[in-house]
Each structure stands twice: as structure tokens, then as C-alpha cells.
Amino acid sequence: MGPLLVTGFERFDVHRLNPSEEVVKALPAGGDLRTSVLPVAFRRAAALLEALLEEARPRAVLMLGLHAGPEIRLERLARNRDDADACDEDGERRPAAAISAAGPVTYPSTLPLDAFARALTDAGLPWTWSDDAGGFLCNHVFYRAREWVERLGLAIPCGFVHLPPFDALPFERQVRAVTACVDRLGR
Ligand code: PCA
1 MGPLLVTGFE RFDVHRLNPS EEVVKALPAG GDLRTSVLPV AFRRAAALLE
51 ALLEEARPRA VLMLGLHAGP EIRLERLARN RDDADACDED GERRPAAAIS
101 AAGPVTYPST LPLDAFARAL TDAGLPWTWS DDAGGFLCNH VFYRAREWVE
151 RLGLAIPCGF VHLPPFDALP FERQVRAVTA CVDRLGR
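Residue numbers (this note's numbering): 1 to 187.
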């Protein structure tokens, strides 16, 4: 069986740090835990993600990114659309277009989100549900990873969690939150 794959994103736009990158780098990678930091660029992120999935054949996929809000967001739905005003880090802009011409409108997360929610609550960490991971890179890789899982007919946990900026939730607490989620995905 393959590893647990945990991804974050590089820093982008005006954000000085991307908590998902910092937290992913703080996890004890090796053995069953594979980590990677994706570029905030549609083409390169999709290509790297696909290569990682194909090569690692993970038993579970937990993807992380920054959302500028006060809480951890447990993303329930990946949507089949790119729709962002902002350019990615390669200068590409994708307003209102389907990610996959033949794909379904949404894919549900297959992560154990109820267990994540309980673990975060027990640890006193702020979180909320979300049914909209945005129209930029985070939703894009979420949809693409779920599509890959479906294409291969796998029954593995795969989904996305948004992290707040460090001024909303400090580094140590974010590491604790992600570790709690990783623990719920077993060893
Ligand atoms: N957050 C952005 C892209 C990369 C990241 O960390 C998003 O929510 O789409």
C-alpha cells in the first residue's frame, strides 16, 4: 500500500507565508508519510500532482492551502470550475471555465471530515464547514485529485482542508490541527 500524501502550496500573491507550506514542511515526512509543496500555478500544479499520484499511488491524500479567514475550513465539495480574477504565479488567469469537460459538477471529499471535526473540536481548534473551496488553485487540485481517484476506481480518502493565516491561528496550533487530521487517516 502506498503512503499518505500530504500537500501544501507555495507562497503566492501578497501573502508573506503560506501556512500550508510551513505546516507541510514541519510534518515528519518519510516512511508512510509523503509530503509535497505545489506551485500556485494551474499547469505546473496539475502536472506535479498527477505525477505524484501516479508515482506514489497513495493510500490517502490530504491537500492543504491558505484561505484568508479566521478558521480551518473542512472542504466538503470540489467543484468543476476554475473562476478566479487573480492571475496564478505564472501569469495565467482562468475566469469561469470547467476543469473537466466530461466531469461531474462536484465531487464530494472522501476524507473522514466528521472525525477531523471531532478531533479539532477536542483540541480546541477553530474550524468550520465549507462547500466552496474557491475558484483558484485549491479547488483545482482538489477536483483533479478526486477525478484521478475516480478514474482509477480507488476507494481512498482524498480531499482538501484550508488553513487560516498565522495571525489568525499560530504555527504550532496549525501543526497540531494537521497532525490531528493525519492521525485520523491512520498509519
Ligand atoms: N490558497 C489558494 C491557492 C493556493 C493557496 O494556498 C486557494 O485557496 O485557491
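Even for Gly, the Cβ is constructed at its ideal location relative to N, Cα and C.
How is the beta strand (DSSP E) around residue i delimited, first residue to last?
i: A102; result: Per DSSP, A102 belongs to no beta strand (DSSP E) and is neither H nor E.
i: H162; result: 158–163
i: A60; result: 60–66
i: T179; result: T179 -> not in any beta strand (DSSP E); alpha helix (DSSP H) instead, spanning 171–184.
i: A46; result: Counting along the chain, A46 falls outside any beta strand (DSSP E), though it belongs to the alpha helix (DSSP H) covering 42–56.
i: F9; result: 4–9
i: R146; result: Run containing R146: none in the beta strand (DSSP E); it sits in the alpha helix (DSSP H), 137–151.
i: R76; result: Run containing R76: none; DSSP gives neither H nor E here.
i: T110; result: Careful: T110 lies outside any beta strand (DSSP E) and carries neither H nor E.
i: L33; result: 33–38
Relative to the C-alpha of residue i, which residue among the options is closest?
i: D32; options: G103, T121, F116, V6; result: V6
i: P157; options: A68, F116, F42; result: F116
i: R16; options: P170, P165, A180; result: P165
i: A102; options: A47, R57, R144, L169; result: R144
i: P104; options: A86, A56, A119, N80; result: N80
i: L220; options: D183, E147, D132; result: In the structure as shown, the chain starts at 1 and stops at 187, and residue 220 therefore has no counterpart that could be examined.
i: M1; options: D13, A60, A26, L111; result: A60
i: L62; options: G30, T35, L48; result: T35
i: I99; options: D131, S130, F171, R146; result: R146
i: R43; options: V149, C87, A68; result: C87
i: L196; options: C138, A26, K25, P58; result: Here the chain comprises residues numbered 1 to 187, so residue 196 is not present and cannot be evaluated.
Does the separation of the CB atoms of residue i and residue j fall below 7 Å?
i: P19; j: L66; result: yes
i: R93; j: D82; result: no
i: E89; j: V40; result: yes
i: H140; j: R73; result: no
i: F160; j: F142; result: yes
i: A84; j: Y107; result: no
i: E50; j: V37; result: no
i: E71; j: T110; result: no
i: V23; j: Q174; result: yes
Measuring only from the beta carbon, is residue i closer than 6 Å to any heavy atom that is part of ligand 1?
i: G134; result: yes
i: L185; result: no
i: F142; result: no
i: C87; result: no
i: F9; result: yes
i: V40; result: yes
i: L17; result: no
i: L137; result: yes
i: L66; result: yes
i: S20; result: yes
Please report the residue range of the alpha helix (DSSP H) in which residue i lies.
i: E21; result: 19–26
i: L120; result: 113–122
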